[in-house]
Amino acid sequence: MAAAAAGTPVFLEVRTQLRSALLILGEPKEGGTPMDISITPSSLQVKTPADCTELRLPAEVRLVPSSCRGLQYVAGDGLHLRLQVWAESNAKLISMFNQSSQARECCTFYCQSCGEVVIRDRKLLRVLPLPSENWGALVGEWCCHPDPFANKPLHPQENDCFIGDSFFLVNLRSDLWQPRPELAPVETHCLSSENHFKLKPKANTKVICKRCKVMLGETMSSETTKFYMTEIIIQPSERNFPIIPRSQFVQSVIAQCLVELSTARSTFRFTIQGHDGKVYILLWLLNSDSLVIESLGSSRGITKFPLLEDILKADSSSAWNAVKVLYQPCVKSRNEKLSSAWESDISIHALTLPSATCLELLLILSRNNATLPPSLRYMNSFQRMESISQDLPSSYKEGSGMIGVESCVALGSSSLRDPDHSFMRRPWQMDR
Numbered sequence: 066m067a068a069a070a071a072g073t074p075v076f077l078e079v080r081t082q083l084r085s086a087l088l089i090l091g092e093p094k095e096g097g098t099p100m101d102i103s104i105t106p107s108s109l110q111v112k113t114p115a116d117c118t119e120l121r122l123p124a125e126v127r128l129v130p131s132s133c134r135g136l137q138y139v140a141g142d143g144l145h146l147r148l149q150v151w152a153e154s155n156a157k158l159i160s161m162f163n164q165s166s167q168a169r170e171c172c173t174f175y176c177q178s179c180g181e182v183v184i185r186d187r188k189l190l191r192v193l194p195l196p197s198e199n200w201g202a203l204v205g206e207w208c209c210h211p212d213p214f215a216n217k218p219l220h221p222q223e224n225d226c227f228i229g230d231s232f233f234l235v236n237l238r239s240d241l242w243q244p245r246p247e248l249a250p251v252e253t254h255c256l257s258s259e260n261h262f263k264l265k266p267k268a269n270t271k272v273i274c275k276r277c278k279v280m281l282g283e284t285m286s287s288e289t290t291k292f293y294m295t296e297i298i299i300q301p302s303e304r305n306f307p308i309i310p311r312s313q314f315v316q317s318v319i320a321q322c323l324v325e326l327s328t329a330r331s332t333f334r335f336t337i338q339g340h341d342g343k344v345y346i347l348l349w350l351l352n353s354d355s356l357v358i359e360s361l362g363s364s365r366g367i368t369k370f371p372l373l374e375d376i377l378k379a380d381s382s383s384a385w386n387a388v389k390v391l392y393q394p395c396v397k398s399r400n401e402k403l404s405s406a407w408e409s410d411i412s413i414h415a416l417t418l419p420s421a422t423c424l425e426l427l428l429i430l431s432r433n434n435a436t437l438p439p440s441l442r443y444m445n446s447f448q449r450m451e452s453i454s455q456d457l458p459s460s461y462k463e464g465s466g467m468i469g470v471e472s473c474v475a476l477g478s479s480s481l482r483d484p485d486h487s488f489m490r491r492p493w494q495m496d497r
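Remember, our numbering sits 65 above the position in the sequence shown when you count from 1.
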């Protein structure tokens, strides 16, 4: 566990795959104060006449003091320098389902916001991923006979759970209690995991929590319900409901989706759209191997968002895995042309969430952006977008919403204008 005493703000981003680190030492309270910096493999200490800040690193991270290079002073930010590190990644991805073990035991579905039981003691015999979008077109290309799956929905059976990009499909036929849609579902047909069912416009098929009235998903047919991953927690029935801060849970789920999709489909740009089809955020994944360590002083003076729980105090002196992203908000008619261009680009993947969750995610990104050193909140080169990173298109604004990201090059008109840089916490933590 990393620990630090109050004092000079310290920000350390470790790239575990590159074995390099960026260290930023914030300016002391009084400008021009002498500063004594001591770097050892396991710790970093900054002394001034007024205070002393010590940052102890996790056991799996070791600095190489002799590799310090690129020392420079950035006005309003402090001292920047780069180091070589030795880092062992002990991070373990927490999957929504352990398909081998969890399929053999009874599970309970909870509303993540309030803990209300949505489905009790459901034994899932099959937990299967849905095919990617446009799978029907691929079948048509490869089959020498008429498509046998044409206009046939992929409905889960009684003990099945189908997993899409950001949702689960569950059959509720045998449940004594199930969330009730506000209106009856309409005629549907299946196309893909991304747009699994199409409903007639203006149909209201929302599934809401009985207790807190949060939208959990949508009805797809008389028996099939779609639950969004950001709204549901699935636990073995013998376990109790885990209390997880809402913002931490949302960014962990989104981070996992981004990492898995970028790995499986080699795509790094995403649109976050609401269940109403409206695009709220444009995301560009930069890297997913960041380990962020910061002192308590780094989080001082951050604007508090009343709708988000304050987790900065508990985590400000700890190390946490993150994905790095660039993001652009598309609310209040912002970035309409860019959003339209991204929607028509087949290389960009869309993630659909409840509209309220899209706004939550935007707040999380904005808050995380505010925790970054000022020089990292904007990116000015033509090589990245939407998140804390290095080379980005001109006037890229970095929004701090930790998620984890790998650098990628922005090409042509797809580039973001003035994107915010952000980190999002990943759904795993370092074993210490």
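We treat Cβ as the ideally placed atom computed from N, Cα and C, and that holds for glycine.
- Contact between L193 and I228 holds, since their C-beta atoms are separated by about 7 Å, short of 8 Å.
- When rounded, the separation of the alpha-carbon atoms in L219 and Y443 is 44 Å.
- Contact check between the segment 414-426 and the segment 111-127: fewer than three CB pairs, one atom from each, fall below 8 Å, which does not count as touching.
- CA-to-CA, the gap between V272 and L237 works out to about 12 Å.
- Burial check for Y175: the Cβ neighbour count within 10 Å reaches 16 or more, so the residue is buried.
- Assigned with DSSP and collapsed to three states, E303 falls in coil, not helix or strand.
- When the Cα atoms are used, L136 and I102 turn out to be separated by approximately 12 Å.
- When only Cα atoms are considered, M294 and N434 end up about 24 Å apart.
- For the options Q300, L326, A387, S286, the alpha carbon positioned closest to that of Q313 is the one of A387.
- Two segments are said to touch when three or more pairs of C-beta atoms, one from each, lie closer than 8 Å; by this definition the segment 72-90 touches the segment 110-117.
- In chain order, Q167, E170, C171, C172, T173 place their CB closer than 8 Å to the CB of P301, counting only its own chain and leaving out the 5 sequence neighbours on each side.
- The Cβ-Cβ distance between I89 and P130 does not fall below 8 Å.
- In the three-state reduction of the DSSP assignment, K188 falls in the strand class.
- Taking G91 as the centre and dropping the five residues before and after it, the same chain places the C-beta of T73, P74, V75, F76, D142, G143, G362, S363, P438 closer than 8 Å to its C-beta, in chain order.
- If you compare the alpha carbons of V390, E425, S108, F232 with that of F292, the shortest gap goes to F232.
- A direct Cα-to-Cα measurement between L351 and L87 gives close to 16 Å.
- DSSP links T417 through a beta bridge to Q338.
- Short of 8 Å from the beta carbon of I346, and not among the five residues preceding or following it, lie these beta carbons of its own chain, in chain order: T336, I337, Y392, Q393, P394, C395, C423, L426, L427, L430.
- Counting of Cβ neighbours within 10 angstroms places E303 among the exposed residues, the total staying below 16.
- Residue pairing for D225: DSSP places it in a beta bridge opposite R191.
- Rounded to the nearest angstrom, the Cβ distance from D230 to C117 is 48 Å, too far for a contact under 8 Å.
- Residue pairing for L122: DSSP places it in no beta bridge.
- Taking all protein chains shown into account, P221 has 16 or more neighbouring C-beta atoms within 10 Å of its C-beta and is therefore buried.
- A residue is called buried when at least 16 other Cβ atoms come within 10 angstroms of its Cβ; A140 does not meet this threshold and is exposed.
- Separation of the CB atoms of S355 and K389 is rounded to 5 Å, and the pair is thereby assigned contact status at 8 Å.
- DSSP, reduced to helix, strand and coil, places N400 outside both helices and strands of the structure shown, so it counts as coil.
- Each of G342, L326, N224 was checked against the Cα of I184, and the nearest Cα belongs to N224.
- Within the DSSP bridge table, the entry for N386 names L356 as partners.
- Nearest to S331 by C-alpha distance, out of R147, C209, I413, is I413.
- DSSP lists L88 as the bridge partner or partners of L146.
- Counting along the chain, L326 sits inside the alpha helix (DSSP H) bounded by residues 311-330.
- Residue state for N236 is assigned as strand, using DSSP reduced to three classes.
- With a 10 Å radius around the Cβ and a threshold of 16 neighbouring Cβ atoms, E283 comes out buried.
- Q177 and E296 do touch by the CB rule: their CB atoms are close to 6 Å apart, below 8 Å.
- Around the beta carbon of N400, a 10 Å sphere encloses 16 or more other beta carbons of the protein chains shown; the residue is thus reported as buried.
- R147 is positioned such that its CB atom lies no closer than 8 Å to that of S108.
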